[in-house]
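Residue numbers (my numbering), protein chains in the order written: chain A, 1 to 224; chain B, 1001 to 1402.
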């Protein structure tokens, strides 16, 4: 479970302080399928970055599985990010010089403890489930957008994280491929019980999830 | 181990994508290491060569030379012009010291040697029959002159092999022929085995004319003086005692500053210390190119970090710590530098193997270790600043970077 309590993010600008997030509290429970909805500039990306431990809030606190992370060092944050959080980005963000399999296994290289399961077998299992196991040794630029996003999802899942944060996962895909990716995320939530949070500006995408958190001008205006 | 090989593989993959850039960056270090290794090889080779020349003289040798040869610090100093010369009286008195096995006075002059209408330049070595013992010279044809030739002032000479070939075509036909030196005719009674090189800064034995000093006194060196006297100590004798005795004897005639009695080991030490200084200077010059190469690496690594900001962001997002990123870029700069180091070393070995045909260069284990150690150190030193920049990128900024 991930919780944000009274989180604010303030940037200093020329004419005073700008609140990207203003006293936001939100919690995402295990196995939830949820979306953060908002227009561009609403603060939804900032919220995602803070929940995803890529950024620190100006005030307020973040709890992951009951642990407060505000006192954690940069090193500890990196480790928790690697173990507890999986990211899926709009631009896929695969590393071009690594093969599909190497990309998926990259988080395991940075994991400082010994893996509890055979990561390579698990990666192949995911690729098979996503129907792209024959692409394991390909480089990302040889893959279609939909295939690349599947690889990115597999990479997000490889550490068996607490939550997968997907930032506009369909933003760079045509509607058909986007639909396939959404279905894939839905299946992962339903069948594997993976907690998934989609960040999007697209209401139709958001409404596919079971719960929506609507962000506007740095505040949560509606929770369903 | 797995972690290390991961970083090395990542670095190699990057090089694969930027072959030209990798090559050019390594080239700077390659040239630096090449010049350092070659310069060391030159210094070591020269020293080995000169030490070898001295070693062939035997270890029981003491030199009596005019002027102050060695400075107090152990280096050489200029003996000065117009120093004293030694004569037969000195030789006779030195022969009376108990530890001495032989005393060899030496006349050494550049001369022109003529035979069959050909004239060649060479040098005269006038001494006693023991001269051949201390210089380690042996006859390959004919024979050497003896103590009785010295007594008789006989007009017999032994010539070096190069001179024999130059004057008579080959060593076999030289024996029994006549040579003319300083308008005097001498019979060639023997030809020496080839020795190569010369004494310390001196002329080559291979183009030498060796004759009894008594004979040299009759025309070649009419002033009857010696430039140096060599003393051979009785085996296992106390060499230091011989030095003291020789000094005591000579002090009766000369002032303390006018002559030196030097052990061979002292001269060797002086040579070693001089070449130590030469080597250090050469090394310092070579190091300049290494520093330039290092700056090249630093430059490229900074460009690398900027180019791969997004990649750093992605890696940080999926769990890489600052240290992971630091290690990744550091591995790259070290490997870049090591490529240059190994390349420079291999090239230096090739060059040394070729040059060795003409000049005694030598690569020792020190220069190998130094080449690899220095290039690693350069990789670390010049890589750590760009790597730290990469490690300190804020993940959120980096991942947004386009």
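Using N, Cα and C, we set each Cβ at its ideal position, and we do this for glycine too. On a predicted model such as this, the values are computed, not experimentally measured, just so you know.
Would you identify the three-state DSSP class for residue i, choosing helix, strand or coil?
i, result
"residue 95(A)", "coil"
"residue 226(A)", "Examination of residue 226(A) is not possible in this model, given that chain A is present from 1 through 224 alone."
"residue 40(A)", "coil"
"residue 18(A)", "strand"
"residue 1254(B)", "coil"
"residue 34(A)", "strand"
"residue 56(A)", "coil"
"residue 1153(B)", "coil"
"residue 1166(B)", "helix"
"residue 1217(B)", "helix"
"residue 1199(B)", "Its pLDDT being 46, under 50, residue 1199(B) is placed unreliably by the model, and nothing is read from it."
"residue 1096(B)", "coil"
"residue 69(A)", "coil"
"residue 1259(B)", "strand"
"residue 1080(B)", "The pLDDT assigned to residue 1080(B) is 49, lower than 50, so where the model puts this residue is not dependable; a value taken from the coordinates is nonetheless given after this. Coil at residue 1080(B), not helix or strand."
"residue 1052(B)", "helix"
"residue 1023(B)", "helix"
"residue 4(A)", "strand"
"residue 1303(B)", "helix"
"residue 1275(B)", "helix"
"residue 1132(B)", "helix"
"residue 1173(B)", "coil"
Nearest to residue i by alpha carbon, out of the options?
i, options, result
"residue 1068(B)", "1260(B), 1156(B), 1324(B), 1187(B)", "1260(B)"
"residue 153(A)", "112(A), 198(A), 70(A), 60(A)", "198(A)"
"residue 1121(B)", "1132(B), 1084(B), 1166(B)", "1166(B)"
"residue 1054(B)", "1272(B), 1026(B), 1385(B)", "1272(B)"
"residue 48(A)", "191(A), 71(A), 118(A), 7(A)", "7(A)"
"residue 1300(B)", "1008(B), 1020(B), 1090(B)", "1020(B)"
"residue 105(A)", "1320(B), 1365(B), 1234(B), 1334(B)", "1320(B)"
"residue 1343(B)", "1118(B), 1270(B), 1225(B), 1372(B)", "1372(B)"
"residue 179(A)", "138(A), 194(A), 149(A)", "149(A)"
"residue 51(A)", "33(A), 26(A), 38(A)", "26(A)"
"residue 1040(B)", "1391(B), 1209(B), 1349(B), 1185(B)", "1349(B)"
"residue 222(A)", "29(A), 13(A), 38(A)", "38(A)"
"residue 130(A)", "139(A), 142(A), 65(A), 100(A)", "100(A)"
"residue 1125(B)", "1325(B), 1029(B), 1229(B), 1027(B)", "1229(B)"
"residue 1269(B)", "1051(B), 1289(B), 1341(B), 1145(B)", "1051(B)"
"residue 1204(B)", "1212(B), 1211(B), 1194(B)", "1194(B)"
Starting from residue i, trace the beta strand (DSSP E) in both directions and tell me its first and last residue.
i, result
"residue 1100(B)", "1100-1115"
"residue 1061(B)", "1061-1066"
"residue 993(B)", "Residue 993(B) is absent from the model: chain B starts at 1001 and stops at 1402."
"residue 1309(B)", "Note, residue 1309(B): premise wrong, no beta strand (DSSP E); alpha helix (DSSP H) at 1309-1317."
"residue 83(A)", "Residue 83(A) -> not in any beta strand (DSSP E); alpha helix (DSSP H) instead, spanning 74-84."
"residue 1230(B)", "1228-1233"
"residue 1118(B)", "1118-1127"
"residue 1395(B)", "Run containing residue 1395(B): none in the beta strand (DSSP E); it sits in the alpha helix (DSSP H), 1395-1400."
"residue 200(A)", "196-200"
"residue 90(A)", "Where residue 90(A) is concerned, there is no enclosing beta strand (DSSP E), given that its DSSP letter is neither H nor E."
"residue 1160(B)", "Looking at the DSSP string, residue 1160(B) is not in any beta strand (DSSP E), and its letter there is neither H nor E."
"residue 1180(B)", "1178-1181"
"residue 1142(B)", "1139-1142"
Name the one or two DSSP bridge partners that residue i has.
i, result
"residue 211(A)", "34(A)"
"residue 216(A)", "219(A)"
"residue 1360(B)", "BP columns for residue 1360(B) are empty, so no partner."
"residue 1212(B)", "1127(B)"
"residue 11(A)", "18(A)"
"residue 1224(B)", "For residue 1224(B), which the question treats as bridged, DSSP gives no partner whatsoever."
"residue 63(A)", "3(A), 68(A)"
"residue 24(A)", "7(A)"
"residue 1268(B)", "Partner(s): none; residue 1268(B) has no beta bridge."
Would you mind reading off the limits of the alpha helix (DSSP H) that contains residue i?
i, result
"residue 979(B)", "One cannot answer for residue 979(B) here, as it falls past the ends of chain B, which runs 1001 to 1402."
"residue 1386(B)", "1365-1391"
"residue 1013(B)", "1002-1017"
"residue 203(A)", "203-206"
Original post:
Which ranges does the alpha helix (DSSP H) cover as unbroken runs of at least 4 residues, wholly within the segment 102-183 of chain A, from first to last along the chain?
Top reply: 119-129, 145-157
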